[in-house]
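Below is one structure; the comments refer to it alone.
See the structure below:
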């Protein structure tokens, strides 16, 4: 698996790969310069660089890149979300197991979208690499939108999902469409939606695709243990985790977990649920083990969006064909409404942060 080439994988993915590289309707200005670059290896690094460690010296002017990457269609639409899921859950990526060619390709595709949108690469690279307990090298993929309000830009909101899955075994390829290509698709769509607003939100937003969640949420733990300046968990006032939000079984049932009374997520969602009456939104229950636990353990308020999947959880049948296409866009639209209020609203998130993650 490690000897494949990203070009071959992209060719196999076809239109789905083109979508996730650029975004829905992404276009490049005819005045843009085209420059030759060293051949990229399967890990997304140019020859001579280590996977996940390459310095991105062309992050560009965010205002210019947001213009050149404006979407022709709504990034929160079914078509846009499904194109991303189909690309990430394609057989060519072989289940995105950490350290494999498929994992590296998924990271490269996510990085390309963040770069296209003009998001900041923290520390000079979109990929924050780390090594799993089994010795596999993978990375978190991170893009930052700095806040526009001088008084609030130091308050950080993290919107995260995990890009890894279980790879393949004698049962076949574990595609990981719901778990968690659906969450990554939402993170990318939300990043594109924020970038298309023309002005940055008041608070800073980190869009995160964590690696190696299936091995014990190692990516979010690494993010917490190796903070970037101004983006530490001490600076973080709220975290939204999107993990398995497209289960075909749920028919609009979505859990917004850890939304206990008094937490930012609960207070905002209480005012939104009636607008999304086609969804059955369950509030207030504690969440299962996933990347948000890293933040909750540090007393950061979290909201964990999740749709359960009793039949295909961690099985090869978790493929794009089983995604709930009808309700997935509505769930992402709900998250967008929540994120908009959290990032731009008047709610005192710093005061809420002082109260911690909340309790039943």
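Numbering (the numbering used here), first residue to last: 7 to 366. Even for Gly, the Cβ is constructed at its ideal location relative to N, Cα and C.
Compare the C-alpha of residue i against each of the options and name the closest.
i: residue 150; options: 287, 198, 227; result: 198
i: residue 316; options: 339, 255, 295; result: 255
i: residue 180; options: 171, 188, 187; result: 171
i: residue 337; options: 364, 175, 259; result: 259
i: residue 296; options: 281, 289, 286, 312; result: 312
i: residue 177; options: 355, 91, 168, 322; result: 322
i: residue 143; options: 357, 303, 107, 84; result: 107
i: residue 241; options: 286, 205, 307; result: 307
i: residue 257; options: 335, 86, 79; result: 335
Given this structure, state the Cα-to-Cα distance separating residue i from residue j, to the nearest angstrom.
i: residue 272; j: residue 309; result: 8 Å
i: residue 324; j: residue 157; result: 44 Å
i: residue 133; j: residue 122; result: 15 Å
i: residue 362; j: residue 154; result: 25 Å
i: residue 162; j: residue 88; result: 29 Å
i: residue 165; j: residue 213; result: 5 Å
i: residue 247; j: residue 298; result: 6 Å
i: residue 223; j: residue 111; result: 20 Å
i: residue 200; j: residue 126; result: 13 Å
i: residue 109; j: residue 103; result: 6 Å
i: residue 270; j: residue 211; result: 16 Å
i: residue 175; j: residue 352; result: 50 Å
i: residue 340; j: residue 94; result: 23 Å
i: residue 105; j: residue 99; result: 12 Å
i: residue 318; j: residue 188; result: 14 Å
i: residue 116; j: residue 237; result: 20 Å
i: residue 124; j: residue 314; result: 34 Å
i: residue 141; j: residue 205; result: 42 Å
i: residue 284; j: residue 209; result: 30 Å
i: residue 303; j: residue 364; result: 10 Å
i: residue 305; j: residue 262; result: 18 Å
i: residue 83; j: residue 220; result: 28 Å
i: residue 96; j: residue 360; result: 42 Å
i: residue 239; j: residue 245; result: 10 Å
i: residue 280; j: residue 286; result: 10 Å
i: residue 357; j: residue 202; result: 29 Å
i: residue 333; j: residue 320; result: 21 Å
i: residue 182; j: residue 218; result: 13 Å
i: residue 131; j: residue 159; result: 21 Å
i: residue 85; j: residue 184; result: 16 Å
i: residue 267; j: residue 347; result: 17 Å
i: residue 17; j: residue 79; result: Caution applies to residue 17, whose pLDDT of 41 falls short of 50 and renders its modelled position unreliable; the model cannot decide the point.
Check for me: the beta strand (DSSP E) holding residue i runs from which residue to which?
i: residue 213; result: 210 to 216
i: residue 339; result: Residue 339 -> not in any beta strand (DSSP E); alpha helix (DSSP H) instead, spanning 334 to 350.
i: residue 295; result: Looking at the DSSP string, residue 295 is not in any beta strand (DSSP E), and its letter there is neither H nor E.
i: residue 289; result: 286 to 289
i: residue 167; result: 162 to 168
i: residue 250; result: That residue, residue 250, is in no beta strand (DSSP E); it is neither H nor E in DSSP.
i: residue 262; result: 259 to 263
i: residue 135; result: 133 to 137
Flag residue i as yes when its Cβ comes closer than 6 Å to any non-hydrogen atom of the ligand PLP, and as no otherwise.
i: residue 243; result: No copy of the ligand PLP appears in this structure; indeed no ligand is present at all.
Taking the alpha helix (DSSP H) that residue i falls in, what are its first and last residues?
i: residue 298; result: 298 to 302
i: residue 229; result: 224 to 231
i: residue 194; result: 188 to 201
i: residue 149; result: From DSSP, residue 149 is part of no alpha helix (DSSP H) but of the beta strand (DSSP E) over 143 to 151.
i: residue 326; result: That residue, residue 326, is in no alpha helix (DSSP H); it is neither H nor E in DSSP.
i: residue 275; result: 270 to 276
i: residue 115; result: 107 to 122
i: residue 309; result: Segment 308 to 312 is the beta strand (DSSP E) holding residue 309; no alpha helix (DSSP H) there.
i: residue 355; result: 355 to 360
i: residue 90; result: 84 to 94
For residue i versus residue j, is the C-beta spacing smaller than 7 Å?
i: residue 301; j: residue 228; result: no
i: residue 173; j: residue 101; result: yes
i: residue 234; j: residue 225; result: no
i: residue 265; j: residue 278; result: no
i: residue 91; j: residue 191; result: yes
i: residue 343; j: residue 207; result: no
i: residue 243; j: residue 345; result: no
i: residue 145; j: residue 113; result: yes
i: residue 139; j: residue 168; result: no
i: residue 195; j: residue 81; result: yes
Hey, does residue i have any beta-carbon neighbour from chain B nearer than 7 Å?
i: residue 239; result: No chain B appears in this structure, which consists of one protein chain only.
Cβ pair count under 8 Å reaching 3, the region 247 to 254 against the region 318 to 333:
yes
- Does the count of Cβ pairs from the region 273 to 292 and the region 138 to 150 closer than 8 Å reach three? no
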